[in-house]
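S.K.:
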Amino acid sequence: MSPLPTPLSPSSFATTQLSLLAAELSAETAATGALLASHSPKRLAAAGLAVANLVLKGRRTGVGGRTVLELEGDGAVGGGGGTWDGQSGVGVGDVVGVREQKQGRGGTGGEGRGVEGVVVRVGKGVEVAVGEGVAEGEGVGEGWLGGRLWVVKLANEVTYKRMNWTMEKLEKMAESEYTSLTRVLFGLDTPTPVSRDEAQVEFLDQTLNDSQRDAVRFALASREVALIHGPPGTGKTYTLIELILQFVQRKLRILVCGPSNISVDNIVERLAPHKLPIIRLGHPARLLPSVLSHSLDVLTQTSEAAAIVKDVRKEMDAKQASIKKTRNGRERKAIYNDMKDLRKEYREREKQCVTTLVSGSKVVLATLHGAGGFQLRNEQFDVVIIDEASQALEAQCWIPLLAAKKVVLAGDHLQLPPTIKSLDHNIKPKPDKAKDKPKGAASLETTLFDRLLTLHGASIKRMLTTQYRMHEKIMRFPSDAMYDSQLLAAPAVATRLLTTLPYDVQATDDTTEPLVFYDTQGGDFPETTAPDDAITTGKNPTKSSLLNDSKSNPAEALLVRHHVRRLIDAGVKPEHVAVVTPYNAQLAYLAHELRLRDRFPGLELGSVDGFQGREKEAVVVCLVRSNEDGEVGFLGERRRLNVAMTRPKRHLCVIGDSETVGKGSPFLKRWMLHLEAEADLRYPDLADLQEV
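Numbering (full-length UniProt numbering), first residue to last: 1 to 692.
(1) With a Cβ-Cβ cutoff of 8 Å, do I386 and A395 count as a contact?
(2) Measure how close the beta-carbons of T520 and E556 come, nearest whole angstrom, since I'm counting them as under 8 Å.
(3) Here's a check: name, in chain order, each residue in its chain whose Cβ is nearer than 7 Å to the Cβ of Q375, leaving out the five neighbours to either side.
(4) I'd like to know whether the C-beta of S195 is nearer than 8 Å to at least one C-beta of chain D.
(5) Can you name, in chain order, every residue of its own chain whose Cβ lies under 8 Å from the Cβ of L686, other than the five neighbours on each side?
(6) Take L689 and list the residues in its own chain whose beta-carbon comes closer than 8 Å to its own, dropping the five residues that flank it on each side.
(7) Using a Cβ-Cβ cut-off of 8 Å (strictly less than) and excluding sequence neighbours within five positions of Q380, which residues of its own chain qualify?
(8) What three-state label does DSSP hand K461 in the structure shown?
(9) To which residues does DSSP link I279 through a beta bridge?
(10) What residue ranges within the region 207-277 form continuous beta strand (DSSP E) runs of no fewer than 3 residues, ordered along the chain?
(11) Compute the Euclidean distance between the alpha carbons of F203 and V248, then round it to the nearest angstrom.
(12) Confirm, please, whether the CB-CB distance from T367 to N261 is below 8 Å.
(13) What first and last residue would you give for the beta strand (DSSP E) that runs through P648?
(14) So who's on the other strand from D519, going by DSSP bridges?
(15) Let me check understanding here. Comparing Cα to Cα, which of P259, T237 and L299 lies closest to L271?
(16) Inspect the beta-carbon positions of A490 and L567 and report whether they are closer than 8 Å.
(17) For P648, does the count of other Cβ atoms within 10 angstroms reach 16, so buried, or fall short, so exposed?
(18) Among all the DSSP beta bridges, which residues are the ones paired with G117?
(19) Just the Cα atoms here: how many angstroms apart are G664 and G630?
(20) Helix or strand or just coil, what does DSSP make of R469?
(21) Return the first residue and the last residue of the alpha helix (DSSP H) that G33 is part of.
(22) If you drop the 5 nearest sequence neighbours on each side, which residues of the same chain put their C-beta closer than 6 Å to that of L299?
(23) For the alpha helix (DSSP H) containing G689, name the first residue and the last one.
(24) Does DSSP classify L357 as helix, strand or coil?
(25) Just verifying my parser: in three-state terms, what is the DSSP assignment at I427?
(26) Between which two residues does the alpha helix (DSSP H) holding A395 run?
(27) Do the CB positions of T572 and V620 come within less than 8 Å of each other?
(28) Return the Cβ separation of P478 and L497 in integer angstroms, given the expectation that the two are a contact with Cβ distance under 8 Å.
(29) According to DSSP, simplified to helix, strand and coil, what is L154?
(30) Under the rule that 16 or more other beta-carbon atoms within 10 Å means buried, what is T500, buried or exposed?
(31) For N627, name the three-state secondary structure that DSSP assigns.
(32) For the region 400-417 against the region 221-238, are there 3 or more C-beta pairs whose distance is under 8 Å?
(33) On the criterion of 16 or more Cβ atoms from any shown chain inside 10 Å, does Q206 qualify as buried, or is it exposed?
(34) What's the C-alpha gap between R597 and Q200?
(35) In terms of residues, what are the limits of the alpha helix (DSSP H) holding E676?
(36) Going along the chain, which residues of its own chain have a beta-carbon closer than 8 Å to the beta-carbon of P277, five neighbours each way excluded?
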């Protein structure tokens, strides 16, 4: 019998997590408050943190009865940040403040009235779903929505409240209350050994490869916990769909969760064609349009169970209309009393409708914090599946896990963990002596996926090894450096190039190469630490930067523009090209100074962190760092570089100073040597990049 792993006290773990979560919320709230208090809406918009100079175009009723404010740029303000260009960190599903925009600074107190809501759509303008009362001006005053407005992202305190509630419950739990799963997850017991012959499976998806089938068998046979390690492009979602269908065939009830709405919606989209009774919990404004028909809000209005609720609503509407026709005070009071009783009946019937719908569903899907809503309070599930588990805070994972019997975690712990604002990320990373060892339980960066691998070892994990995204030459380095050379390129993608896209692309020096490296060493492409005003207006202010002294490299930005133009001139569609960089200042320079989106409509600009989970036919990675000291900052995080180099399908172009970057760590040195040996190596001349 194998020795027990070093156990961790659930109670002390929860106590530590509560402290860390309090610090994280404080950091997030303080950061937002400081920005709002110190900078004007225009400056926040220029730095990509808000959308300024908006006006209310109209109101409409959205899904779930929410009022949607339709905001667009104020035509009277030329180039003032009123047009959404995709650079802002605010996106669909975010909690935002819609605020009255006053002159000068954009504080949150009495300086500008506002309401909170959820972003429904972004385009030339922004659409925000808010409370129903805003349609009539309730509680916020009728007049202010008629003026100039701005939108800014806010901290979502609901998520923290649910994590805190869960950790407080775990902290107070007696050992006799621990489930078998809880005991295994904290190392108090070892996982039940799995026999290879234990799961005889008739696969529904005959296209699954051997490693995917092995992962499904293992997850079905595991009694308490199974980890599915899915490196980039290895078909993790297809594997999970097969696993869900197999569980349902075995008459088991499944709760599927993820840290973000998009991670959950991707699974809903793939499950929908199988005609299972599924329900997607969550605010309709946060869901993809393609999954709305499965959302609880829509089903409570359209299902058979909702019919009786509709009848009560009609009666309420009729009573509401009769109030306006009645002048007699006694009659009005009687109607109000009737309305009070009807509202109570409506809430009770709606709750019963929700309970009927949820309890009748074999598969329920929600974000991790959404699993803490009232709809699931008394629901029981046989298996909890958590997708993108390596991007979730462990405290988030425990929201659906406290009463669970079994869990399957899917993700890739060798890509970026969740972003933690309360940590000082300006500290120079230490050289990578080991492969991204977790930092211990006393860190929010240590995910449940990480901790379980350390606790129980590889015996609880199965890895997917065939990837369907990248050309073999793009895949080679991350496979060797991060995945022990275990990745294999599927034959369909191993040799595909931009010239084999399903439309005409000219064969050029760029489109026939899967891997290109522009080496900018030599001092002609220096980095700069430019505050946001220097980026957007050419000034050099002494006040601290909104971009936190983020690095930019204007000369490398010109090289980005040069290469993107060559690809598009050869026939590659702009929407199939992305430019990613680790530094927000470089993004701001590319967007505002070089106006790359205006020149190439459809081109996507993004941070490496924000592009995790995404893919494009061609990706240009701009590394930015170029200095005499060999300083690389957070470029030294190998998981960040792993994300950057695994986004493209057919073409990866890396732009960077091999001399500077190679000094950052053994990993970076190895990457630079690989690019010099295997890529189409180019030494650019700055004089060739200037535009007339």
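Don't be surprised by glycine CBs; every beta carbon is placed ideally from N, CA and C.
M.R.: Taking the definition as stated:
(1) Counting from one through the sequence shown, the residue named residue 386 turns up at place 386. Counting from one through the sequence shown, the residue named residue 395 turns up at place 395. For I386 and A395, no; Cβs fall outside 8 Å.
(2) As a working mapping, residue 520 is identified with position 520 in the sequence shown. As a working mapping, residue 556 is identified with position 556 in the sequence shown. Contact holds; Cβ gap of about 6 Å.
(3) In the sequence shown, counting from the first residue as 1, residue 375 sits at position 375. Closer than 7 Å at the Cβ level, and outside the excluded window around Q375, lie L281, L296, V354 and V358.
(4) Looking for chain D here will not work: only one protein chain is present.
(5) For the purposes of this step, residue 686 is identified with residue 686 of the sequence shown, where counting begins at 1. So the list reads D524, F525, A555 and L558, once near-sequence residues are dropped.
(6) Residue 689 sits at position 689 when you count from the first residue of the sequence shown. Counting only Cβ-Cβ distances below 8 Å, and skipping sequence neighbours, we find A555, L558, L559, R561 and H562.
(7) For this step, residue 380 is matched to residue 380 along the sequence shown. Once the five neighbours on either side are set aside, the close Cβ partners of Q380 are R253 and A403.
(8) If you number the sequence shown from 1, residue 461 lands on position 461. Residue state, collapsed to three classes: strand.
(9) In the sequence shown, the residue the question calls residue 279 occupies position 279. In the DSSP output, where bridge partners are listed per residue, I279 has V364.
(10) 225-229 and 254-258
(11) Residue mapping note: residue 203 aligns to position 203 of the sequence shown, counting from 1. Residue mapping note: residue 248 aligns to position 248 of the sequence shown, counting from 1. The alpha-carbon atoms of F203 and V248 are separated by roughly 13 Å.
(12) Residue numbering aside, residue 261 sits at position 261 when the sequence shown is read from its first letter. Residue numbering aside, residue 367 sits at position 367 when the sequence shown is read from its first letter. Taking 8 Å as the Cβ cut-off, N261 and T367 qualify as a contacting pair.
(13) In the sequence shown, residue 648 corresponds to position 648, counting from 1. First-last of the beta strand (DSSP E) with P648: P648 to G656.
(14) Position 519 of the sequence shown, counting from 1, holds the residue named residue 519. Paired residues: G656.
(15) The residue given as residue 271 occupies position 271 in the sequence shown. Looking at the Cα atoms, T237 is the closest of the given residues.
(16) Position 490 of the sequence shown, counted from the first residue, corresponds to residue 490. Position 567 of the sequence shown, counted from the first residue, corresponds to residue 567. It is not a contact, given that the beta carbons lie outside the stated cut-off.
(17) Position 648 of the sequence shown, counted from the first residue, corresponds to residue 648. Flag for P648 reads buried.
(18) For the purposes of this step, residue 117 is taken as the residue at position 117 of the sequence shown. In the DSSP output, where bridge partners are listed per residue, G117 has V96.
(19) Here residue 664 is taken as the residue at index 664 of the sequence shown, counted from 1. Here residue 630 is taken as the residue at index 630 of the sequence shown, counted from 1. Roughly 6 Å between the two C-alpha positions.
(20) As a working mapping, residue 469 is identified with position 469 in the sequence shown. Coil.
(21) Within the sequence shown, the letter at position 33 stands for residue 33. First-last of the alpha helix (DSSP H) with G33: P10 to S38.
(22) The residue given as residue 299 occupies position 299 in the sequence shown. Cβ within range, chain order: L357.
(23) Position 689 of the sequence shown, counting from 1, holds the residue named residue 689. According to the sequence shown, residue 689 is Leu rather than Gly. First-last for L689: undefined, no H or E at that position.
(24) On the sequence shown, residue 357 is found 357 positions in, with the first residue counted as 1. L357: helix per DSSP, three-state reduction.
(25) Counting from 1 along the sequence shown, the entry for residue 427 is found at position 427. Because the pLDDT of I427 is 31, which lies under 50, any placement of that residue in the model is unreliable, and the question is left without a value.
(26) The residue you call residue 395 lines up with position 395 of the sequence shown. E394 to L401 is the extent of the alpha helix (DSSP H) around A395.
(27) Position 572 of the sequence shown, counted from the first residue, corresponds to residue 572. Position 620 of the sequence shown, counted from the first residue, corresponds to residue 620. The residue asked about is misnamed: residue 572 is Val in this sequence, not Thr. It is not a contact, given that the beta carbons lie outside the stated cut-off.
(28) As a position in the sequence shown, residue 478 is number 478, starting the count at 1. As a position in the sequence shown, residue 497 is number 497, starting the count at 1. Between L497 and P478 the Cβ distance is about 19 Å, and since that is not below 8 Å, they are no contact.
(29) Mapped onto the sequence shown, residue 154 falls at position 154. L154: coil per DSSP, three-state reduction.
(30) If you number the sequence shown from 1, residue 500 lands on position 500. T500 is exposed by the Cβ-count criterion.
(31) What you label residue 627 is simply residue 627 of the sequence shown in a count that begins at 1. Here N627 sits in coil by DSSP.
(32) yes
(33) Position 206 of the sequence shown, counting from 1, holds the residue named residue 206. Exposed is the call here.
(34) Indexing the sequence shown from 1 puts residue 597 at position 597. Indexing the sequence shown from 1 puts residue 200 at position 200. Spanning the two alpha carbons is a distance of roughly 52 Å.
(35) To locate residue 676, count along the sequence shown from 1; it is residue 676. Here the alpha helix (DSSP H) through E676 covers P666 to E678.
(36) Position 277 of the sequence shown, counted from the start, is the residue given in the question as residue 277. So the list reads G360, S361, K362 and V363, once near-sequence residues are dropped.
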